[in-house]
Structure formats: C-alpha cells, structure tokens
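Trainee:
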Amino acid sequence: MSTYIAPVKDMLFNMNELAGLEEITGLPGNEEVSIDLVEAILDEAGKFASEVVDPLNAVGDKQGNKWNNGVVTTADGFKEAYATFCETGWNGMPASTEFGGQGLPVTVSTAVLEMWKSASISFSLCQMLTLGAVEAIAHHGSDELKATFLPNMVSGKWTGTMNLTEPQAGSDLAAIRSKAEPRGDGTYAITGTKIFITWGEHDMAENIVHLVLARLPDAPPGVKGISLFIAPKFLVNADGSLGERNDLICASIEHKMGIHGSATAVMSFGDKGGAIGYLVGEPNRGLEYMFTMMNHARLNVGLEGVGVSERSYQHALAYARDRIQGRIVGDKSGEKKPILHHPDVRRMLMDMKSRTEAGRALAYYVAGCMDRAHSHPDADVRAANQRRLELLTPVVKGWCTENAQGITWNGVQVHGGMGFIEETGAAQYMRDARIITIYEGTTAIQANDLIGRKTAKEGGKSMQQLLADIAETGSALRNSGNAQLKAIADALGNGIAALDEATNWLLANYEATPQAAHAGSVPFLKLTGIVVGGWLMARSAAIAVERLDAADGDFYKAKLATAAYFAQHVIPEANSYRDAIVNGAESVLALEEALF
Numbered sequence: 001m002s003t004y005i006a007p008v009k010d011m012l013f014n015m016n017e018l019a020g021l022e023e024i025t026g027l028p029g030n031e032e033v034s035i036d037l038v039e040a041i042l043d044e045a046g047k048f049a050s051e052v053v054d055p056l057n058a059v060g061d062k063q064g065n066k067w068n069n070g071v072v073t074t075a076d077g078f079k080e081a082y083a084t085f086c087e088t089g090w091n092g093m094p095a096s097t098e099f100g101g102q103g104l105p106v107t108v109s110t111a112v113l114e115m116w117k118s119a120s121i122s123f124s125l126c127q128m129l130t131l132g133a134v135e136a137i138a139h140h141g142s143d144e145l146k147a148t149f150l151p152n153m154v155s156g157k158w159t160g161t162m163n164l165t166e167p168q169a170g171s172d173l174a175a176i177r178s179k180a181e182p183r184g185d186g187t188y189a190i191t192g193t194k195i196f197i198t199w200g201e202h203d204m205a206e207n208i209v210h211l212v213l214a215r216l217p218d219a220p221p222g223v224k225g226i227s228l229f230i231a232p233k234f235l236v237n238a239d240g241s242l243g244e245r246n247d248l249i250c251a252s253i254e255h256k257m258g259i260h261g262s263a264t265a266v267m268s269f270g271d272k273g274g275a276i277g278y279l280v281g282e283p284n285r286g287l288e289y290m291f292t293m294m295n296h297a298r299l300n301v302g303l304e305g306v307g308v309s310e311r312s313y314q315h316a317l318a319y320a321r322d323r324i325q326g327r328i329v330g331d332k333s334g335e336k337k338p339i340l341h342h343p344d345v346r347r348m349l350m351d352m353k354s355r356t357e358a359g360r361a362l363a364y365y366v367a368g369c370m371d372r373a374h375s376h377p378d379a380d381v382r383a384a385n386q387r388r389l390e391l392l393t394p395v396v397k398g399w400c401t402e403n404a405q406g407i408t409w410n411g412v413q414v415h416g417g418m419g420f421i422e423e424t425g426a427a428q429y430m431r432d433a434r435i436i437t438i439y440e441g442t443t444a445i446q447a448n449d450l451i452g453r454k455t456a457k458e459g460g461k462s463m464q465q466l467l468a469d470i471a472e473t474g475s476a477l478r479n480s481g482n483a484q485l486k487a488i489a490d491a492l493g494n495g496i497a498a499l500d501e502a503t504n505w506l507l508a509n510y511e512a513t514p515q516a517a518h519a520g521s522v523p524f525l526k527l528t529g530i531v532v533g534g535w536l537m538a539r540s541a542a543i544a545v546e547r548l549d550a551a552d553g554d555f556y557k558a559k560l561a562t563a564a565y566f567a568q569h570v571i572p573e574a575n576s577y578r579d580a581i582v583n584g585a586e587s588v589l590a591l592e593e594a595l596f
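Per UniProt numbering, residue 1 is the first one in the sequence shown, and the count goes up by one each step.
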C-alpha cells in the first residue's frame, strides 16, 4: 500500500500561475495572507493528510459504519482523527472569521481541500457538507440563527448536512413531499423522509445540524413552494447548551459500492409529531437558498474528482516502480526491470497524470475566479469573473468527475490482476470515484445547465469570450518560436474550432430542437472540459519552457511533457465530441421505445 504525498509543488504552480495567487492575496480582506503563509499551510496540511487522514481510508472502506437502533458508529480512528482535525483548526479554515474561521481565500482552501479528498473522500465529506451548510445559513439565515449555529459548526463541534432527496424525488425536487407546519411560536413541525443524507448520523460530533427542504401548508406547487429549515439533532437552549433530542432519527444507513467510511443515512423526521425546525430566510425560497450550498458543493465534488485521481495515480505509480514482470520490449540489457518500463504502462500513467493535472488546473483557475468575483474592488472585474465562474462550475463538477472514472479504471489496470484484488487498494479508488458523477447533480444535470442557462440563454456570450481568451494563448504559443509550444498550439487550435462549431450548432438548435440539443449536452460538457483543460495546460507549458534551466527544472520538464501528452492524446478527442453533437442527435433519438 502506498502513502499519499500531497503534490504541493504542482498545487503551488497552479495557484500562482493559473489562479493568480499573488493578485488574490492583495485583494481586500486578504491583507494578512502572504505567499509564505500559503506555502506553510500547504506543507502542514500535507503532513496531516499523509499521517492522519490517509491511514483512515482503507480502514473506513473495510469496516464501514455500524447502525444500531438509530445510532451510527464510525470506523476505527475516525472519531479521534476528526477531533484532532478540528482542534488544529482545519475544519473552519475556509470559513469567515466572523464565525471563528480563518477566512482564507477560496484558492488557498481549494488546495487544502484537495488533500483531504485525496487522502479519504469519506472523511472529507463530513467537512464538505458542514461548510456547505455554513454557507447557506451565513448567506440566508437570521442573525439569531447565525449566532446559534455557526460558531460551533465552523469549529467542527457540530456538523451539518443537507436533506433534499426523498424516495419519490431524486433530482426532481418539485416532487418533494416533506411538510412543515407552523407551531404558533415561530418554529415549525417537520415531517417526512429524506434519503442519501451524507453523514446524516455519526458519533464524531455532539450535534448535527440538518438543513431540510420542506413545504409549508399554503405553499404553491413545484419548486416555487419549497422552503428551507434548520432541524438540529439536539435542540439548542438559550444559553447555547444542548437541550432535548429533536424528533428525528436515522432510520437506516445504505450499503454502498464505495465511500464506505461515510455514513449515508435515511433520515426520518416527525415520527412523534414533528421535528422542530427553524425557517431560513423567507418562505418558498428554499431551493434558491440551497443552491448557495449546492454550488459550493459542486465545485468541491469536482475537486473530489481531482483528489481521487491524484491518489489513484500515486498508488499505480508506486506499484509500477516496484512490480517486476515480463521482458521489456526492445531492451537487450537482460536486466529485470519494473513494469514502469513497459510502453503501455507508461501510456496509462501519462494519461492519468496529464488528465489529473488538467483537472487541477481547471479547479484552481475557477477558484481564482471565485475569489476575484467576491473581493475585487473593480465592479467590471468582479462581474467578468462571476460570469466565468458560473460558466465553468458545471464543467469542474462534470468533467473532473468523469475524468476520474477513466483515471481510477487505469489505476486498476496498471496493477493487472492484482488490481482486481481488494488488498492492493487500487479498486477502492475506482469504487469511491463512481459516486462523484452522480451526487450533487449528475453529469447530465451539469451538462443541461451548461448548454441551457450558461450558454444558449445568454446567446453564447460567455462561451465566446472564453474561446477568445483561449485563442489568444494559442496565438502567443504559435509566435513563440518554440517547436513544442507551436505543436501544442496547433492541437489547441483544433480544439477551439471544435468547441466553436459545437457552440454555434447549439445556439442554432437549442430552441428549435431541444431534444436534439440535450442529446449532445454531455458531449458538449466533455468537449468544453477538454478545450479549457488544454488551454490551461498550454499556458503551463509556456511557463515551463521559460524555466527549464531553473534549479527545479525537472518539475518544469515534467510539466512540459504532460502538457504535450494532453495536446497529442486528449485534445484530439474534441473532434469526436463535436461530431457527436453536430451530427449525432438523430441516432440518439432514433429508436422507438418498444425497440429498446
């Protein structure tokens, strides 16, 4: 079994060169953040991820969680690790200083969060859901609710969840049936059942704060009649101490393909008359408020794709360095060499490495957009970054998680037959990765958002501006005089042309033939990811060429190689996606229902 080592050098490269860390540390509110501080934070987080979180991953996978009459017990070591995690301040690092967090830029917290996700997705999910709940309450809750719940949630003393899905209402939130009846004292009695509730019950924190979507008695039908409520596991007294147990219980936990270390609960509200809940914000605006939480969660799930991909790559690389098997083609030395020398093993590892680095580049770039959209003093700059953030959020979530499916699959393949044996650990990353294309909105939901709200409904303006920025980079590389950069630019140019053609087709057909447009939505998302990832890798290559003679030249040599691989092996996929979008809709929809 390998040990996770945080790729701090690559993280810092992406933060500095692609996200614009130096500019971000100069934004209002970030005056106390320096490059040296960021490097120190990453070093310490890397140690914690390697020494404390990574050892939990296999334990959580093997032991899972135990449910007994509503009580959930976590796997060995989780409770102790979580306590240390909170004591050392990691839980609240991204949260506002107003509620006890450190208020660090999103760009910085993104790198640290990637480490937790690489080391153990299951463990990291508890913090992710808690911080998402913190965001929703901080943005939309009353001052009283903020004071009551946020300090303890930021510290990690209490954790948070979001309760959306019901047995009859998966992605269709309009079908939600949970009810909230006024109790006459400003609180509400909540009844209903919620499923797929991540960390809905556990033994690591003294209280769990559930955010619940439910309907008021006079609510209009559909999504316009959904309100958001806080329903804590234990009620909170006026002095902040915990009171009686609320009328809610974990009815069971799911038996899953992966993320065994994270309890996925079925939550039952109001079996004894109604769980006491507190309305967040205004009635019937719950879905709008929940999207504050979900948009952060979608970026973080995309980051899960990067994290599990990195971990799978490291695991496969360690095996390939040690495993000696077969004769190396063309090698006449007679020496027994590790399988890393086999060309196809190198191909798989290069594919894993380059796609992971492109995903990291995209996630960190978007984190930088979020920081500037939030804090830049120039309103035009804020607006431009907000548009870019909104355009690329579904791409981060959809493309990075879809990439992880192939990367973790290759991680098993590098191991050969041993990859199919659970003891080697390779299969866990593939199993854990399978959920990330599904929860927080499936790939199709992200793709529909991308082609609809983010492209067609604004006439493609944000996409065209993005394409113009990418083309500018391609032009600079072609004029650089460097043959490697010119080759990368030529490949990128083909990707730009493919995405431009697909975008124009989408704009021409979205309203007239909506089913045809949506038949190509996932290919369009993947096409966008490839071209934007290729753009950021091309920018990385240009920087690497300038620094090959630096003291750490080997890092830049590797960066140039992975960028070249991406250009030669991944960007050509853009043409096939373009063809599927422009020419393939008819075949998707051709088969009559009875013939399936």
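For every residue, glycine included, the Cβ atom is placed at its ideal position computed from N, Cα and C.
Considering only residues of the same chain and omitting the five flanking positions on each side of VAL396, which have a CB-CB separation below 7 Å?
Mentor: Only LEU299, GLY302, LEU362, ALA363, VAL366 meet the Cβ criterion.
Trainee: Looking only at DSSP bridge pairs, what is MET162 linked to?
Mentor: LEU211
Trainee: When you compare only the Cα positions, how much space is there between ASP344 and LEU12?
Mentor: 30 Å
Trainee: When the Cβ atoms of the stretch 229 to 249 are set against those of the stretch 205 to 212, are three or more pairs found closer than 8 Å?
Mentor: yes
Trainee: Does the separation of the CB atoms of THR401 and ALA433 fall below 9 Å?
Mentor: yes
Trainee: May I ask you to list the residues that DSSP assigns as paired with LYS224?
Mentor: In the DSSP output, where bridge partners are listed per residue, LYS224 has none listed.
Trainee: At 3 residues or longer, what runs of the beta strand (DSSP E) sit wholly inside the stretch 137 to 206?
Mentor: With a minimum length of 3 residues, the continuous beta strand (DSSP E) runs that stay inside the stretch 137 to 206 are 158 to 163, 179 to 182, 188 to 198.
Trainee: Would you call the CB atoms of LEU450 and ALA567 closer than 9 Å?
Mentor: Here LEU450 is not near ALA567, since their CB atoms are 9 Å or more apart.
Trainee: List, from N- to C-terminal side, the alpha helix (DSSP H) runs of 4 residues or more that fit wholly inside the stretch 43 to 108.
Mentor: 54 to 63, 78 to 87
Trainee: Quick check: the stretch 560 to 580 against the stretch 536 to 544, are there 3 or more CB pairs under 8 Å?
Mentor: Yes, the stretch 560 to 580 touches the stretch 536 to 544.
Trainee: Does the distance from the CB of residue 597 to the CB of VAL8 come in under 9 Å?
Mentor: There is no way to answer for residue 597, as the model of the chain reaches only from 1 to 596.
Trainee: Cβ-heavy atom distance between GLY20 and the ligand FMN below 8 Å?
Mentor: Absence of the ligand FMN is noted for the structure shown, with no ligands found whatsoever.
Trainee: CB-CB under 8 Å to THR424, same chain, minus the five flanking residues each way: which ones, in chain order?
Mentor: MET1, TYR319, HIS415, MET418
Trainee: Are the CB atoms of ILE121 and ILE407 nearer to each other than 9 Å?
Mentor: no
Trainee: List in chain order: all unbroken alpha helix (DSSP H) runs of 4+ residues lying wholly within the UniProt domain "Acetyl-CoA dehydrogenase-like C-terminal" (468 to 591).
Mentor: 483 to 509, 514 to 519, 521 to 546, 553 to 565, 573 to 583, 585 to 589
Trainee: Taking only the alpha-carbon atoms, compute the straight-line gap between GLU135 and HIS376 and give it to the nearest angstrom.
Mentor: Pairing GLU135 with HIS376, the inter-Cα distance amounts to about 20 Å.
Trainee: Measuring alpha carbon to alpha carbon, tell me which of SER124, CYS126, MET153, LEU125 ends up nearest ALA138.
Mentor: MET153
Trainee: With distances taken from CA atoms, which of ARG245, GLY225, CYS86, ASN385 is nearest GLY70?
Mentor: ARG245
Trainee: Can you tell me which of the three DSSP states GLU244 falls into?
Mentor: strand
Trainee: Can you give the Cα-Cα distance for GLY222 and ASN284, rounded to whole angstroms?
Mentor: Spanning the two alpha carbons is a distance of roughly 10 Å.
Trainee: Measure the alpha-carbon distance for ILE276 versus GLY186 and round it to whole angstroms.
Mentor: 10 Å
Trainee: CA-CA distance, ASN68 and GLU254?
Mentor: 13 Å
Trainee: Per DSSP, what kind of secondary structure is TYR278 in: helix, strand or coil?
Mentor: strand
Trainee: Unbroken alpha helix (DSSP H) runs of length 4 or more, entirely within the stretch 321 to 390: which are they?
Mentor: 343 to 375
Trainee: Does the stretch 100 to 108 come close enough to the stretch 157 to 176 to have 3 or more Cβ pairs within less than 8 Å?
Mentor: no
Trainee: Pick out the complete alpha helix (DSSP H) segments inside the stretch 13 to 47, 4 residues or longer, and give them in chain order.
Mentor: 21 to 25
Trainee: Going by DSSP, what residues sit across from ALA265 in a beta bridge?
Mentor: ILE197, ILE253
Trainee: Starting from the C-beta of ILE5, find all residues in its chain whose C-beta is less than 8 Å away, skip the five residues before and the five after it, and write them out in chain order.
Mentor: GLY46, SER50, GLN314
Trainee: Can you tell me which of the three DSSP states PRO283 falls into?
Mentor: coil
Trainee: How many angstroms separate the CA atom of THR165 from the CA atom of ASP271?
Mentor: 18 Å
Trainee: With DSSP as the reference, label PHE234 as helix, strand or coil.
Mentor: In the structure shown, PHE234 sits in a strand (DSSP, three-state: E or B).
Trainee: Going by DSSP in three states, PHE229 sits in which element: helix, strand or coil?
Mentor: In the structure shown, PHE229 sits in a strand (DSSP, three-state: E or B).
Trainee: Are the stretch 377 to 393 and the stretch 346 to 360 touching, with three or more C-beta to C-beta distances below 8 Å?
Mentor: no
Trainee: Looking at the secondary structure, which residues open and close the alpha helix (DSSP H) in which ILE436 lies?
Mentor: Premise fails: ILE436 is in no alpha helix (DSSP H) and is neither H nor E.
Trainee: Counting only the same chain and skipping the five closest in sequence on each side, list residues whose C-beta sits under 8 Å from that of LYS146.
Mentor: PHE99, ILE137, ALA138
Trainee: Around the C-beta of ILE581, are 16 or more other C-beta atoms found within 10 angstroms, so that it is buried, or is it exposed?
Mentor: buried
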